[in-house]
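Notes follow once the structure below has been shown.
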Amino acid sequence: MYIPLLSDSTQRLYPRKGGGGGGRGGGGHSSSGKGGSGGKGGSSARGSSVPVSGSTAGRKVAASYGSGGTPITTIPYGQPFAGRQSGGGTRNQVFGTYVYGSGYPEITGRGVANRNFPFVFWPISYPQYPYYPPYLYANEYGTPNNSSRPGGAMAQAMFASSSTNTTFHVLADNATVVSLMSSIRANCTLDASSSTVASPYNGSDPADPRPEQAIQYYRASSAVLTLDGYNDTSILSDNTDLPPVPLPTNIDTALLACLNATIAEAVPLFSGADARWIAPGMNLLVSCCWCGMPFCGDVVFRYASIASVQLCFVMYIPFLRLSSDNHLCLSLLSAL
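Residues in the sequence shown are numbered from 1 upward in steps of one, following the UniProt record's numbering.
Okay, here's the thing in structure tokens:
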């Protein structure tokens with residue numbers, strides 16, 4: 001079992017209790033010695049679609065529990081970070097460390113400046129505090145409330161232990177936080193005070209998560225798990241050889257393990273089969289109407305998307321089959 005700052009960092013994803021339908025999530029513990037009731041495994045374990053807004057290089061839908069691996073593309077001219085690469089990251093690469101700038105496949109080192117986006121999502125942004133080292137202030141990604149961020153402006157959720165005075169936060173873009181809240185509630189035992197809705201994050205509230213409270217980054221530092229009251233001063237030093245401050249010994253390690261496993265397995269990823277809407281060109285619509293719906297359906301499923309079928313059908317209704325000349329149809333398609 002991999003626990004941040006307590007386990008060997010080479011340990012990675014492991015089976016999560018309650019991962020399949022009918023199983024039970026990792027149960028907590030109490031001072032009475034009786035195990036707390038874990039979340040029931042079910043639909044959330046099978047994954048669900050997560051709509052993602054913002055600058056995603058054309059991608060629209062991620063998936064919780066998805067395997068990732070969306071094709072690598074170059075961000076086009078006119079989009080934020082044009083010329084950088086987006087995509088390629090897979091589920092077994094989501095783990096980082098306690099260091100901001102970790103979680104990038106085959107890249108190490110502090111900071112996130114000038115990096116590509118292997119998971120499409122942007123790294124989180126902290127506000128600029130006077131005593132923070134420069135690497136923690138990634139102003140190229142804007143402020144935490146930047147709505148161009150994939151998944152929307154940054155948000156947070158709080159998860160409290162039902163047995164000890166232990167409180168964690170998850171910090172990421174809004175779409176990711178909302179998705180993870182559902183997965184975590186399905187798998188981990190939580191106190192009733194835990195968040196039921198995502199809250200905006202701007203870093204100005206003293207209760208907001210801070211970099212020195214980070215215990216684990218994920219998905220190219222685009223999501224982080226923090227521990228209230230933890231103060232890892234090593235991340236504020238210029239000495240990169242300093243080890244992290246040990247975690248307190250009285251925290252709920254069962255909840256920590258459940259949160260860590262669930263985030264790693266459920267944080268939304270874009271896959272190689274992203275659901276996306278491709279606007280059909282006029283030639284495609286004309287071809288559909290001219291050649292008839294049977295041909296239209298075949299063409300659309302080869303060249304466009306299901307959404308185009310609906311448009312094609314609407315365009316076809318006013319017309320009957322005007323021609324069966326597939327040569328004309330193919331000539332129209334050649335201009336696509």
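Glycine included, C-beta positions come from ideal geometry on N, C-alpha and C.
Length of the line joining the Cα atoms of residue i and residue j
i, j, result
"C269", "N250", "The displayed chain sequence assigns Leu, not Cys, to residue 269. Straight-line Cα distance between these residues: approximately 33 Å."
"G142", "F81", "12 Å"
"I72", "P123", "17 Å"
"R149", "P206", "24 Å"
"T189", "G78", "45 Å"
"V267", "Y132", "28 Å"
"P76", "P118", "16 Å"
"Y104", "A223", "12 Å"
"A220", "N174", "16 Å"
"S49", "V61", "6 Å"
"G272", "N92", "15 Å"
"L225", "M158", "10 Å"
"A279", "V120", "Confidence at A279 is low in this model, with a pLDDT of 36, below 50, so the placement of that residue should be treated as unreliable; the coordinate-derived value is given next. Taking the straight line from one Cα to the other gives about 22 Å."
"S199", "L171", "10 Å"
"D208", "P144", "12 Å"
"L255", "T74", "39 Å"
"G109", "V94", "16 Å"
"Y230", "C258", "19 Å"
"I235", "S182", "31 Å"
"D135", "S162", "Note that residue 135 corresponds to Tyr in the displayed sequence, not to Asp. Those two C-alpha atoms are separated by around 36 Å."
"N114", "Y98", "20 Å"
"A138", "V112", "7 Å"
"I184", "I263", "8 Å"
"I107", "Y100", "12 Å"
"P248", "N116", "35 Å"
"G203", "A261", "26 Å"
"D252", "T166", "6 Å"
"S102", "D228", "21 Å"
"A160", "T176", "19 Å"
"M154", "P51", "15 Å"
"T201", "Q156", "The sequence shown places Tyr at residue 201, rather than the Thr named in the question. Their Cα atoms are separated by approximately 6 Å."
"D232", "V178", "27 Å"
"E265", "S237", "31 Å"
"N187", "T164", "18 Å"
"H169", "R210", "10 Å"
"S64", "G83", "28 Å"
"E140", "G47", "32 Å"
"S53", "V245", "37 Å"
"L180", "G96", "17 Å"
DSSP bridge partner residues for residue i (one or two, in chain order)
i, result
"A214", "T226"
"P200", "A155"
"A160", "T167"
"G272", "According to DSSP, G272 bridges with nothing at all."
"T90", "G68"
"Q85", "T74"
"F95", "Y218"
"residue 344", "Outside the shown range of the chain (1 to 336) lies residue 344, about which nothing can therefore be said."
Boundaries of the beta strand (DSSP E) in which residue i is found, first to last residue
i, result
"S49", "49–51"
"F167", "It is Thr, not Phe, that sits at residue 167 in the sequence shown. Looking at the DSSP string, the run of the beta strand (DSSP E) that includes T167 is 167–173."
"V61", "61–63"
Endpoints, the alpha helix (DSSP H) within which residue i is located
i, result
"A254", "253–266"
Task: Stretch pair the segment 50–59 + the segment 234–242: three plus CB contacts closer than 8 Å - done: In short, these stretches do not touch, since the Cβ pair count stays below three.
Open item on the list: Would the segment 60–70 count as touching the segment 83–90 if we require 3 or more Cβ pairs under 8 Å?
Closed with: Pairwise C-beta distances place the segment 60–70 in contact with the segment 83–90, as three or more of them are shorter than 8 Å.
- [ ] Evaluate contact between the segment 210–217 and the segment 186–201, counting only Cβ atoms and requiring at least three cross-stretch pairs below 8 Å.
- [x] Contact fails: fewer than three Cβ-Cβ distances are below 8 Å.
Open item on the list: Between the segment 126–140 and the segment 149–158, can you find at least three pairs of beta-carbon atoms closer than 8 Å?
Closed with: no
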